[in-house]
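What follows is a short report on a single structure.
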Amino acid sequence: MRVLHVIQAMNSGGTETVLANLANEQVSSGHSVGVLSMSGAMLDRLDPKIVKVTVSTRRALIATLMIGVRSRRWDVVHVHQRSLSTFVALVGYGAKVQHVEHVHNVFPGMDHKWTSFRARKLIACGSSVAEMLAKDYGRDESRIFLVKNGVADTGQRAVQWEGGTFEVVNAARVVEQKNPLLFVEVLAQLVSRQLDVRGTWYGDGDLLPIVRQQIARRGLESQVSFPGPISNVHSELAKSHLLLLTSRHEGLPLTAIEAASVGLPIVATDVGSIRDIVFHNHNGYLVDDLGNAASLAGFVESLVVAEERHRTFGANSRRRFLEEFTLGRMSNDVLDVYEV
């Protein structure tokens, strides 16, 4: 199979990570794989056997994409961005190449309804994304394929908590969607309850200066830190005791899957497809009131004060990962979509 993955830029983020992981897995399985993109740090994560087609401007990206769609070099053009997929649908009419669009997020509000998600095959990264495509955008269910995100099993495992400082972690962009200020508020409430906890959020984004100012203003520098981006998320997750997700909306966040892979309990706002990986009162807790810091703090506290429950939830997370969220499973499911 000859597959061209397309995205505007390979910057650090969940969508880009899914693309890189999938492309690497496909080329390791013997497929011919290319990635068309503008510049981005994630290009360095691609296997050397992958053909990197890099351009400097969006105009050049569009022109190169048109050639790729109309040529016979590729069997599949797998697009990971909505606007670029719309372009492929327009210029690829009558072409023999397969047009596959990978939808990585739930979009709050139906924008561009009539021009969006026009690929012949739509891959939804989670159940809520599949539901959005069918119900909100009216796409035929025969064109929608649920392929849940997956990550590689690194073999790393979370250190079992046996008292001492309880480490709460997140790894995500520091942006409005991820609601980092709610993370700070939850940690503040836990500290006010005299719990020995520390929160760390790894990532970069436009809200980082504001969040750091808020931490300093509240005198939480010893309990909450936002040190910036890191290269090895799994290692930091394995040093922690719980993943806390505070997002306003999501597709199926990779951080939750990575946390499950190392055996962490997860406390999260109930958004997007997070309930695909987190079963309430099984391997974590879900809060449907998105701004309710007290509820989130209460669920975190329930795991701080109950070591056996914490241990059980962590083991359940690991089982959830092995059942449905490995990278090999995702890659095989995507190949099945190509071959339908």
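Per the UniProt record's numbering, residue 1 is the first one in the sequence shown, and the count goes up by one each step. All C-beta atoms, glycine included, are put in the ideal place defined by N, C-alpha and C.
Check whether the Cβ of ARG217 lies closer than 8 Å to any Cβ atom in chain B.
-> Checking the listed chains, one finds no chain B in this structure; it contains a single protein chain.
Specify, as a first and last residue, the run of the beta strand (DSSP E) that MET38 falls within.
-> Along the sequence shown, read from residue 1 onward, the residue named residue 38 stands at position 38. Its beta strand (DSSP E) spans residues 32-38.
So, is ARG58 buried or exposed, given that buried needs 16 or more other C-beta atoms within 10 angstroms?
-> The residue given as residue 58 occupies position 58 in the sequence shown. Classification of ARG58: exposed, given that the 10 Å Cβ count is below 16.
N- and C-terminal bounds of the alpha helix (DSSP H) containing VAL224 | The residue you call residue 224 lines up with position 224 of the sequence shown. Under the DSSP assignment, VAL224 falls outside any alpha helix (DSSP H), being part of the beta strand (DSSP E) whose first and last residues are 224-228.
Among GLY155, ALA158, VAL129, GLN156, which has the Cα closest to the Cα of ILE144?
-> Here the question's residue 144 lines up with position 144 in the sequence shown. The option with the nearest alpha carbon to ILE144 is VAL129.
Compare the Cα-Cα distances from LEU84 to each of ALA60, ILE7, ARG72 and report the closest residue.
-> What you label residue 84 is simply residue 84 of the sequence shown in a count that begins at 1. If we check each option's Cα against that of LEU84, ILE7 comes out closest.
Got a sec? Which residues, its chain only, sit under 7 Å from LYS239 by beta carbon, not counting five neighbours each side?
-> Counting from one through the sequence shown, the residue named residue 239 turns up at place 239. So the list reads VAL159, GLU167, once near-sequence residues are dropped.
Is it buried or exposed for HIS112, if we count other Cβ within 10 angstroms and need 16 for buried?
-> Along the sequence shown, read from residue 1 onward, the residue named residue 112 stands at position 112. Residue burial is scored here from C-beta neighbours: HIS112 has fewer than 16 other C-beta atoms within 10 angstroms and is therefore classed as exposed.
Quick one: is LYS135 buried, meaning 16 or more other Cβ sit within 10 Å of its Cβ, or exposed?
-> As a first step, residue 135 is located in the sequence shown; it is residue number 135 there, counting from the start. Exposed, by the Cβ-count rule.
CB ALA119 to CB VAL91, shorter than 8 Å?
-> For this step, residue 119 is matched to residue 119 along the sequence shown. For this step, residue 91 is matched to residue 91 along the sequence shown. No, the Cβ-Cβ distance between ALA119 and VAL91 is not below 8 Å.
Residue from LEU290, ASP288, ALA294, GLY251 with nearest C-alpha to PHE107 = Taking the sequence shown and counting its residues from 1, the one referred to as residue 107 is at position 107. Comparing Cα positions, the closest option is GLY251.
GLY263: which of LEU237, ASN281, PRO253 sits nearest, CA to CA?
-> Sequence index remark: in the sequence shown, residue 263 carries index 263 (1-based). For GLY263, the closest C-alpha among the options LEU237, ASN281, PRO253 is that of LEU237.
Give the secondary structure of ARG198 by DSSP, where H, G and I count as helix, E and B as strand, and everything else as coil.
-> Taking the first residue of the sequence shown as position 1, residue 198 is located at position 198. ARG198 falls in the strand class under three-state DSSP.
What do you reckon, are the CB atoms on PRO265 and LEU286 nearer than 8 Å?
-> On the sequence shown, position 265 is the one that residue 265 refers to. On the sequence shown, position 286 is the one that residue 286 refers to. Cβ distance not < 8 Å, so PRO265 and LEU286 don't count as in contact.
If GLY284 sits next to VAL278, beta carbons under 8 Å apart, how far is it from one beta carbon to the other, in whole angstroms?
-> For the purposes of this step, residue 284 is identified with residue 284 of the sequence shown, where counting begins at 1. For the purposes of this step, residue 278 is identified with residue 278 of the sequence shown, where counting begins at 1. Right, the Cβ-Cβ distance comes to about 4 Å (below 8 Å), so this counts as a contact.
Residue from ARG139, ILE123, HIS5 with nearest C-alpha to THR115 = Your numbering for residue 115 matches position 115 in the sequence shown. Distances from the CA of THR115 to each of ARG139, ILE123, HIS5 were compared; the closest alpha carbon is that of ARG139.
Alpha carbon to alpha carbon, how far is ALA256 from VAL233? Give it in angstroms, no decimals.
-> Against the sequence shown, residue 233 aligns to sequence position 233. Against the sequence shown, residue 256 aligns to sequence position 256. Looking at the backbone, the Cα of VAL233 and that of ALA256 are separated by about 11 Å.
Own chain residues within Cβ distance below 8 Å of ARG75, not counting five before or after = Along the sequence shown, one-based indexing puts residue 75 at 75. The question names Arg, but residue 75 is Asp in the sequence shown. Spatial neighbours of ASP75 in its own chain (CB-CB distance under 8 Å, excluding positions within 5 residues in sequence) are listed in chain order as MET1, ARG2, VAL3, VAL97, GLN98, TYR338.
Below 8 Å between beta carbons: does that hold for LEU207 and VAL169?
-> In the sequence shown, counting from the first residue as 1, residue 207 sits at position 207. In the sequence shown, counting from the first residue as 1, residue 169 sits at position 169. Taking 8 Å as the Cβ cut-off, LEU207 and VAL169 do not qualify as a contacting pair.
Complete runs of the alpha helix (DSSP H) confined to the region 53-77 [at least 4 residues] | Fully enclosed alpha helix (DSSP H) runs of no fewer than 4 residues occupy 58-70 of the region 53-77, in order along the chain.
Could you give the residue range of the beta strand (DSSP E) that holds ALA315?
-> Here residue 315 is taken as the residue at index 315 of the sequence shown, counted from 1. Under the DSSP assignment, ALA315 falls outside any beta strand (DSSP E), being part of the alpha helix (DSSP H) whose first and last residues are 307-324.
Under 8 Å between C-beta atoms of SER28 and ASP47 = Your numbering for residue 28 matches position 28 in the sequence shown. Your numbering for residue 47 matches position 47 in the sequence shown. In this structure, ASP47 lies closer than 8 Å to SER28 by Cβ.
Where do the N-terminal and C-terminal ends of the beta strand (DSSP E) with GLN98 fall, by residue?
-> Here residue 98 is taken as the residue at index 98 of the sequence shown, counted from 1. Going by DSSP, GLN98 is part of the beta strand (DSSP E) stretching over 98-103.
Tell me which same chain residues have a C-beta within less than 6 Å of the C-beta of GLN156, skipping the five on either side of it?
-> Counting from one through the sequence shown, the residue named residue 156 turns up at place 156. Here the set comprises HIS234, ALA238, VAL262.
Cβ pair residue 345, LEU181 closer than 8 Å | Here the chain has residues from 1 to 340 only, and residue 345 is not among them.
Opposing strand residues paired with ARG2 [DSSP bridges] = Here the question's residue 2 lines up with position 2 in the sequence shown. Beta-bridge pairing links ARG2 to SER32.
Bounding residues of the alpha helix (DSSP H) (the contiguous stretch that carries THR165) | On the sequence shown, position 165 is the one that residue 165 refers to. Per DSSP, THR165 belongs to no alpha helix (DSSP H) and is neither H nor E.
Starting from the C-beta of THR86, find all residues in its chain whose C-beta is less than 7 Å away, skip the five residues before and the five after it, and write them out in chain order.
-> Position 86 of the sequence shown, counted from the first residue, corresponds to residue 86. Contacts found: THR115, SER116, ARG118.
For residue 342, I'd like the list of residues in its chain whose CB is within less than 8 Å of its CB, leaving aside the five on either flank, ordered along the chain.
-> Absent from the model: residue 342. The displayed extent of the chain is 1 to 340, so no value can be given.
Backbone secondary structure at ARG280 - three-state DSSP | In the sequence shown, residue 280 corresponds to position 280, counting from 1. Rather than Arg, the amino acid found at residue 280 in this sequence is His. Note: HIS280 maps to strand in three-state DSSP.
Taking the Cβ atom as the reference point for each residue, do GLY66 and MET42 lie within a distance shorter than 8 Å?
-> In the sequence shown, the residue the question calls residue 66 occupies position 66. In the sequence shown, the residue the question calls residue 42 occupies position 42. In the sequence as displayed, the identity of residue 66 is Met instead of Gly. No, the pair does not count as a contact, with Cβ atoms beyond the cut-off.
Residues near ASP276 by beta carbon distance below 7 Å, same chain, minus five either side = Within the sequence shown, the letter at position 276 stands for residue 276. Closer than 7 Å at the Cβ level, and outside the excluded window around ASP276, lie GLY126, SER127, LYS148, LEU252.
With 16 other Cβ atoms within 10 Å as the buried cut-off, status of ARG320 | In the sequence shown, residue 320 corresponds to position 320, counting from 1. The residue is buried, with at least 16 neighbouring Cβ atoms inside 10 Å.
May I have the straight-line CA-CA distance separating VAL69 from ASP270, to the nearest angstrom?
-> Working through the sequence shown from its first residue, we reach residue 69 at position 69. Working through the sequence shown from its first residue, we reach residue 270 at position 270. In this model, VAL69 and ASP270 are separated by some 39 Å (Cα to Cα).
In the structure shown, what three-state DSSP assignment does LYS121 receive?
-> Position 121 of the sequence shown holds residue 121. Reduced to three states, the DSSP call for LYS121 is strand.
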